[in-house]
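Per the UniProt record's numbering, residue 1 is the first one in the sequence shown, and the count goes up by one each step. Note that the Cβ used here is the ideal one computed from N, Cα and C, for glycine as well.
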Amino acid sequence: MYIENTGLESLVVDLRLLKEIMHKHDLFVDGQWDYERITFDKKYVIKEGTYYLRVFGYTEDGDIGSGQAEITLKKPALGKHYYPFGVEYGEDEVFPENLVKDCEKTLQQVLEDLKPYVQA
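Next comes the structure, spelled out in structure tokens:
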């Protein structure tokens with residue numbers, strides 16, 4: 001499920017700053033990057049299963065591996081992990097309300113921390 005109206009979509013942020021702020025809110029890369037794309041994950045293990053809040057980004061002007069890049073953020077998503085298949089985001093998935101609220105709160109906190117560093 002995509003999380004709408006977070007205010008993060010299309011923000012452009014320096015990769016080093018972005019990593020620092022994301023880590024502060026328990027969103028980590030853990031190898032989910034290539035030269036042009038990056039994904040920050042926050043893992044939730046609750047009684048209903050394992051879920052991931054994912055914040056996606058890409059760069060057009062740098063190399064993520066070098067740490068020298070401006071990252072454009074995309075719409076965040078919430079997905080449920082199914083072993084051994086991976087994470088599903090589909091319309092058929094049911095997400096606990098308290099989980100969705102925590103994800104929205106996390107994204108709002110990330111936005112507040114980014115605001116001083118990005119142009120409106």
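Residue i classed as buried or exposed, judged by whether at least 16 other C-beta atoms fall within 10 angstroms
i                : result
isoleucine 64    : buried
glycine 31       : exposed
phenylalanine 40 : buried
arginine 54      : buried
glycine 67       : exposed
lysine 24        : exposed
lysine 80        : buried
isoleucine 46    : exposed
proline 76       : buried
lysine 105       : exposed
valine 94        : exposed
Element boundaries [alpha helix (DSSP H), containing residue i]
i             : result
threonine 106 : 97 to 114
Three-way DSSP call (helix, strand, coil) for residue i in this model
i            : result
leucine 78   : strand
glutamate 20 : helix
tyrosine 117 : helix
leucine 53   : strand
Bridge partners - residue i, DSSP secondary structure assignment
i                : result
glutamine 68     : Asp63
leucine 73       : Gly57
phenylalanine 40 : Val55
valine 45        : Thr50
Endpoints, beta strand (DSSP E) assigned at residue i
i           : result
threonine 6 : Taken as a continuous stretch (DSSP letters only), threonine 6 belongs to no beta strand (DSSP E), as it is neither H nor E.
valine 12   : 12 to 14
valine 87   : 86 to 88
Contact between the segment 84 to 96 and the segment 42 to 59: three or more CB pairs below 8 Å? A contact exists between the segment 84 to 96 and the segment 42 to 59.
Tell me, please, whether the segment 5 to 16 touches the segment 61 to 78 by the rule of three or more beta-carbon pairs shorter than 8 Å. Segments in contact, yes.
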